[in-house]
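Colleague:
Structure representation (structure tokens):
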């Protein structure tokens, strides 16, 4: 799977769409770029207390994934094990949440 981002042609800032202007410099010169959806775990935490619909999923891992190419995204991690530097791959997007395994 791929992750599509927009890149500002003026300042180089990258953001996850939808964006109609650069949040950094306000330019409207944005182009799409695709990332492979693979990367490493940069940081993570285990969520043990949650409310609403997420309570039944406890405990679960939320990770900051650094994609190959440098962009970092917040994601849910499948399973109950994680390590900084671990290689991961995106397997789906649900309700605007990136899921990695």
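Residue numbers (our numbering): 101 to 201. C-beta atoms are modelled at their ideal positions from N, C-alpha and C, and glycine is treated no differently. Since the structure is predicted, the reported quantities are computational estimates derived from the model, not experimental observations.
Pull up the distance between the alpha-carbon of residue 146 and that of residue 162, whole angstroms please.
Modeller: Between residue 146 and residue 162, the C-alpha separation is close to 6 Å.
Colleague: Which residue comes first and which comes last in the beta strand (DSSP E) that contains residue 134?
Modeller: Unbroken beta strand (DSSP E) run through residue 134: 130-135.
Colleague: Between residue 135 and the ligand ATP, is there a pair consisting of the residue's CB and a ligand heavy atom that are separated by less than 7 Å?
Modeller: No copy of the ligand ATP appears in this structure; indeed no ligand is present at all.
Colleague: What three-state label does DSSP hand residue 196 in the structure shown?
Modeller: Three-state DSSP puts residue 196 in coil, outside helix and strand.
Colleague: With distances taken Cα to Cα, identify the nearest neighbour of residue 184 among 151, 173, 117, 164.
Modeller: It is 164.
Colleague: Could you tell me the boundaries of the beta strand (DSSP E) in which residue 175 lies?
Modeller: Residue 175 -> beta strand (DSSP E) spans 172-177.
Colleague: Are residue 215 and residue 154 closer than 8 Å when you measure CB to CB?
Modeller: The chain is shown from 101 up to 201; residue 215 falls before or after that span and cannot be answered.
Colleague: Between the C-alpha atoms of residue 123 and residue 108, what's the straight-line distance to the nearest angstrom?
Modeller: Roughly 9 Å between the two C-alpha positions.
Colleague: Looking at the strands, I want to know which residues DSSP matches up with residue 158.
Modeller: Per DSSP, none; premise fails for residue 158.
Colleague: Hey, residue 139 and residue 193: beta-carbon distance below 8 Å or not?
Modeller: No.
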